[in-house]
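Chains as they are written, first to last, in my numbering: chain A, 1 to 144; chain B, 1001 to 1144.
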DNA sequence: GTCCATGCAAACTGTTTGCACGCGC
DNA sequence: GCGCGTGCAAACAGTTTGCATGGAC
């Protein structure tokens, strides 16, 4: 999806146009393997294109989300964080001391969810597991 | 905790005072086994005490959270939802069609988290698993 | 040329805060 | 009586929206 033509095709398929701004926003999103909030994403995009506006970033994120290209996470109860979707589903740990976000994989969770959805008759289309606590470093610091 | 003396003791232990407002807010929270957002909670509380204010609700929820009496959930990416803590940890499924929230238990998740935290050296103090999708009813409706 | 996408500023929602008064202890 | 807790209104942060212009197709 990192390539222009892939994004172009995906946009056309959903009735949207490929614009300079949308291309740039998706590029920055994919380059930064982090969970950017709207402001950080905006400043990175703005650094490369001074005319781009914050609302355009929000609007692009909104349609990317509808298209399934971007996921939204509510980390740490504050504002939203965005990331380009990846192949394998993953989850997040956020350190309450330093704020660092650690990604992890947990196939057992997927299995548990699958079993549950069958038993309860649910159709599960998204799953977010968010852990909070202390990361290894902060854990040591707190020891004293 | 539903009783006045329990709340009183818990508040005193953390250097807070028992007020008419805090007692009422906790009562309403415990009566409603739902995930109330601040406005709903406020209106229920307000119905019994016309002088109470929304900021008092927010302030009470804030100290209840610090005290570990109340949990906050970000359901459906909108505003926060609050609920009195329960004995067993549980998780949430939210139907994207009707908005209904279904609680469920999944001990496998706890185990997966425990294994992960040992391996990665994390100290996990909170875990939220939020599933999205279609509930049994809405799933049938969407079939056609 | 058509109509969607953009930039700007203003609106909006959920939540927090400053201040003077009131009440728990 | 001391000092925290309250109500009110104003501030605040993040996000969305109305409108006129610009650009994708």
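Where is the CB? At the ideal position from N, CA and C, for every residue including glycine. Everything numeric in this text was worked out from a predicted model, so none of it was measured.
Same chain, Cβ closer than 6 Å to residue i, neighbours up to 5 away in sequence not counted
i: residue 60(A); result: 22, 25
i: residue 1076(B); result: 1094
i: residue 943(B); result: Summary: the structure shown does not reach residue 943(B), with chain B confined to residues 1001 through 1144, and so no result is reported for it.
i: residue 1096(B); result: 1132
i: residue 1138(B); result: 1095, 1097, 1098
i: residue 1044(B); result: 1028
i: residue 81(A); result: 35, 37, 73, 75
Under 9 Å from the C-beta of residue i: neighbouring residues of chain A
i: residue 1131(B); result: 113, 116, 117, 122, 124, 125, 126, 127, 128
i: residue 1041(B); result: Those do not exist, as residue 1041(B) stays about 17 Å from chain A at its closest Cβ, beyond 9 Å.
Amino acids of chain B, ordered along the chain, whose beta-carbon sits closer than 7 Å to that of residue i
i: residue 82(A); result: Within 7 Å Cβ-Cβ: nothing; residue 82(A) doesn't reach chain B, min ~12 Å.
Top-ranked residue by Cα proximity to residue i, from the options
i: residue 84(A); options: 92(A), 72(A), 91(A), 78(A); result: 72(A)
i: residue 1064(B); options: 1118(B), 1106(B), 1007(B); result: 1007(B)
i: residue 126(A); options: 1046(B), 1135(B), 1118(B); result: 1135(B)
i: residue 115(A); options: 1117(B), 1115(B), 1107(B); result: 1107(B)
i: residue 1112(B); options: 120(A), 91(A), 100(A); result: 91(A)
i: residue 1140(B); options: 1052(B), 1098(B), 1120(B), 1037(B); result: 1098(B)
i: residue 1100(B); options: 1036(B), 1122(B), 1009(B); result: 1036(B)
i: residue 1079(B); options: 1041(B), 1088(B), 1087(B), 1103(B); result: 1041(B)
i: residue 120(A); options: 1121(B), 1119(B), 1104(B); result: 1104(B)
i: residue 1087(B); options: 1070(B), 1081(B), 1122(B); result: 1070(B)
Under 7 Å from the C-beta of residue i: neighbouring residues of chain A
i: residue 1093(B); result: 122
i: residue 1089(B); result: Those within 7 Å of residue 1089(B) in chain A number zero; the least Cβ separation is about 12 Å.
i: residue 1061(B); result: Result: empty, since nearest Cβ-Cβ is about 12 Å, beyond 7 Å.
Per-residue contacts from residue i into chain B (C-beta, under 9 Å)
i: residue 109(A); result: 1106, 1108, 1109, 1112, 1113, 1129
Contacting residues, own chain, Cβ-Cβ under 7 Å from residue i (five flanking each side not counted)
i: residue 34(A); result: none
i: residue 14(A); result: 67
i: residue 1124(B); result: 1113, 1117
Spatial neighbours of residue i in its chain, beta-carbon cut-off 8 Å, leaving aside the 5 residues before and after
i: residue 49(A); result: 20, 21, 24
i: residue 68(A); result: 85
Contact belief for residue i with residue j at Cβ below 8 Å, rounded distance in angstroms
i: residue 11(A); j: residue 18(A); result: 5 Å
Where residue i meets chain A, residues with beta-carbon distance less than 8 Å
i: residue 1100(B); result: None at all; the shortest Cβ gap to chain A is about 11 Å.
Partners in chain B for residue i, counting only beta-carbon separations shorter than 8 Å
i: residue 139(A); result: 1121, 1122, 1123
i: residue 134(A); result: 1122, 1123, 1125
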